[in-house]
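The numbers in the numbering used here rise by one with no breaks, and the one at position 79 of the sequence shown is 765. Note that CB positions come from ideal geometry on N, CA and C, so glycine has one too. The structure appears below as structure tokens.
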Amino acid sequence: MEFKQFFKKSSLIPAIVQDDYTKQVLMLAYMNEDALRRTLETGQTWFYSRSRGELWHKGATSGHIQHVVSVTSDCDNDTLLVRVNQVGAACHTGSISCFFTPLEAVR
């Protein structure tokens with residue numbers, strides 16, 4: 687499968703990860719072409735770490751694996767929605783989702 691259409695604007699594409707059962711948004715990460723290919727080949731999520739400059743397999747260390755149910759692109763082919771069955775917490779803080787801080791609390 688060819689993925690060039692997703693990487694015309696950038697070598698990285700945002701990937702929104704959503705729990706397939708609850709529909710809760712779990713996290714946002716980035717994929718390069720290799721991460722997308724590995725995700726589709728293995729059925730588990732792979733991302734590209736912008737800070738470390740390398741691929742990472744979600745849950746490889748923590749055991750909090752994401753089993754991929756589906757991957758769809760948006761209308762512009764520049765963002766992916768990855769629906770998963772999450773094992774354990776998605777966030778490195780131990781929270782189910784990375785989205786738990788209301789903007790009022792940031793002030």
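Please classify residue 701: is it buried, with 16 or more other beta-carbons within 10 angstroms of its beta-carbon, or exposed?
buried
Where residue 771 falls, given that 16 or more other Cβ within 10 Å makes a residue buried
exposed
Quick one: residues in its chain with C-beta nearer than 6 angstroms to the C-beta of residue 763, no 5 flanking neighbours on either side, listed in chain order?
691 and 692
Below 8 angstroms CB to CB, which residues in the same chain sit around residue 768 once its five sequence neighbours on both sides are set aside?
701, 702, 703, 704, 725, 731, 752, 754, 756 and 757
Bridge partners of residue 707, per DSSP?
DSSP, once it has assigned bridges, lists no residue as partnering residue 707.
Would you mind listing the beta strand (DSSP E) stretches within the stretch 709-741 that are 3+ residues and don't spill past its ends, in chain order?
711-717 and 732-735
Starting from the Cα of residue 746, find the closest Cα among 739, 694, 765 and 775 and give me that residue.
775
Which of the three DSSP states, helix, strand or coil, is assigned to residue 766?
strand
Do you know whose CA, among 782, 718 and 723, lies nearest residue 710's CA?
782
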